[in-house]
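When we follow this note's numbering, the leftmost residue of the sequence shown carries the number 22, and every step to the right adds one. Quick reminder that beta carbons are idealized off the backbone N, C-alpha and C, glycines included. To start, the structure itself, in structure tokens.
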Amino acid sequence: MQSFENFFYLAAAVLFILGIKGMTKPKTAVRGNQLSALGMGLAIVAALADYHVVSYGTIIVGILIGGAIGLTLARKIQMTSMPELVAVLNGLGGGASLLVASANYLESQQLADMGKFVPGMDWSIAVILSILVGAVTLTGSLVAVGKLMGKVGDPSEITRYKLGVKVSFALLLIGSLTLVLGNTLDSGLLLLFMVALCLVLGVCLVMPIGGADMPVVVSLLNSYSGLAGAAAGFVLENNGLIITGSLVGASGLILTSIMCKAMNRSLVNVLFGGSMAAQAGVSKSENDAFYEGKVKYASADEVAMLLETARRVVFVPGYGLAVAQAQHATRELATLLEEAGATVKYAIHPVAGRMPGHMNVLLAEAEVPYDQLVEMDRINPEFTQTDVAIVLGANDVVNPVAAKDKTSPIYGMPILEVHNARTVIVVKRGLSPGFAGIPNELFIRDNSLMVPGDAKKVLQDIIKSIREG
């Protein structure tokens, strides 16, 4: 039975690795997801064949209920709410590891009372890590969901949360030393005490972080959920859980590092620096004064006339496109331009939207060809030969000050160099600042035209004008 189990776990690990490799490109992402799902199926079969915690009937009922909930959410969730769903799933993964470790602790306590179990230091450390990381992932993810939904604000005063982090860590250290060095299983009160502290710690760690930094936080929490699972695997002595958790943890950390680089911020600054907008300190009146009398506005008809003679067009999608659900209108306009002989591409910034790959998924839903989705490093040299760049709801990722103003909070941040295009069309509902809390110089440049309004409505008006013209 042990050989059967390990073979299935090994096969699952190979499928997970192939799945992750497949999901690095839009063209192979579906197949990668399917391989990963197959691997998880093999791991579940191996686990059920070896562990008999409850009856198979109970397990099947749980699978049916959970599967029904997951299927319903997947079908009903809006693309703009996908980051919130990912954060919830991260939290549930951490919560599951927390419950598994807690249950194993209580079960081992009963065995220890009967003289059938003596806790070792390695087991104790694994329990502590699983509880700590799992609980932090759970409450941290719930706070992240609240921030993404705009239900939880970004407090400018973060001192109390930093104090909460220090106090929680100090008390957790005391509890952990009691468990590890005592080499005995204390009453359930110690477990309850540590779980409560870890849950509070998760809130205190995420609350001070700015809402615009949530993509990085969600990615990090995804890594946490994997690490919590790996720790739970050590508690249960389950090789499959250790392998899976390690893969998720490592890939999540790599993705977090890539996103921090794309935002020109260190992870420490994201976690403990507070909101970037608060650091910038630009008031609404200062923001309005920056744009006053300098923005050139255009109508949908005027944009249509510009596009009629354009040979190279680049769309730059941002969160505004996702909010407006304008991906299908974007695709429709692109098709019209292609029929007129224009070359169309889509410039993708690593942190555009509210989660990694948000824009790729959004445009794939509208059946945009994969080869037209071009990453930042490859598309930037092409902007000098671009006739029209259409910015759809993006802000800081196209702000030219990142390349020249050393006093700017986004100085050094890699951006899409749309300002080098012959004409830039900015479709945006207003002139409010982005996550950095600063005005965007792109909007007042001589080659920029602003079309205010909902991205979907504006694009539909442009399409109508082209067809009528």
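- Contact annotation, LEU437 with ILE400: C-beta distance approximately 7 angstroms; criterion of less than 8 angstroms satisfied.
- The DSSP assignment places no complete alpha helix (DSSP H) segment of no fewer than 4 residues inside the stretch 410-441.
- Our two residues, GLN346 and ARG450, have alpha carbons roughly 14 angstroms apart in a direct line.
- Closest in C-alpha terms to VAL227, from the list THR265, SER486, LEU169 and ALA363, comes LEU169.
- Between PRO338 and LEU276, the C-beta spacing is not below 8 angstroms.
- Taken in chain order, the whole beta strand (DSSP E) runs of length 3 or more contained in the stretch 52-79 number zero.
- PHE190 sits exposed, since fewer than 16 C-beta atoms from the chains shown fall within 10 Å of its C-beta.
- If the five residues before and after ILE411 are omitted, its C-beta is found closer than 6 angstroms to the C-beta atoms of PHE336 and ILE446, all from its own chain and listed in chain order.
- Non-local beta-carbon contacts of LEU63 in its own chain, meaning distances under 6 angstroms to residues more than five positions away in sequence, involve PHE29, ALA32 and ALA33 in chain order.
- Taken through DSSP and simplified to helix, strand or coil, VAL148 comes out as helix.
- One alpha carbon belongs to MET380, the other to GLY374, and they sit about 6 angstroms apart.
- In the displayed model, ALA385 falls within a helix according to three-state DSSP.
- Distances from the alpha-carbon of GLY433 to those of LEU452, ASP71 and CYS281 put CYS281 closest.
- By the CB criterion at 8 angstroms, ILE369 and VAL395 fall inside the cutoff.
- Here LYS42 is exposed: its Cβ has fewer than 16 other Cβ atoms, across all protein chains shown, within 10 Å.
- Taking a cut-off of 8 angstroms for Cβ pairs, the stretch 215-224 and the stretch 151-164 touch, as three or more such pairs fall below it.
- Under the DSSP assignment, ARG488 falls in the alpha helix (DSSP H) whose first and last residues are 476-489.
- For THR45, the number of other beta carbons within 10 angstroms of its own is below 16, and it is reported as exposed.
- Taking 8 angstroms as the cut-off, the Cβ atoms of SER486 and ALA321 count as close.
- In this structure, the CA atom of VAL224 is about 13 angstroms from the CA atom of VAL188.
- One alpha carbon belongs to VAL154, the other to LEU119, and they sit about 8 angstroms apart.
- In terms of Cα proximity to ASN243, the closest of VAL256, PHE37 and LEU268 is LEU268.
- Here the stretch 90-110 makes no contact with the stretch 46-62; the two share fewer than three CB pairs at distances below 8 angstroms.
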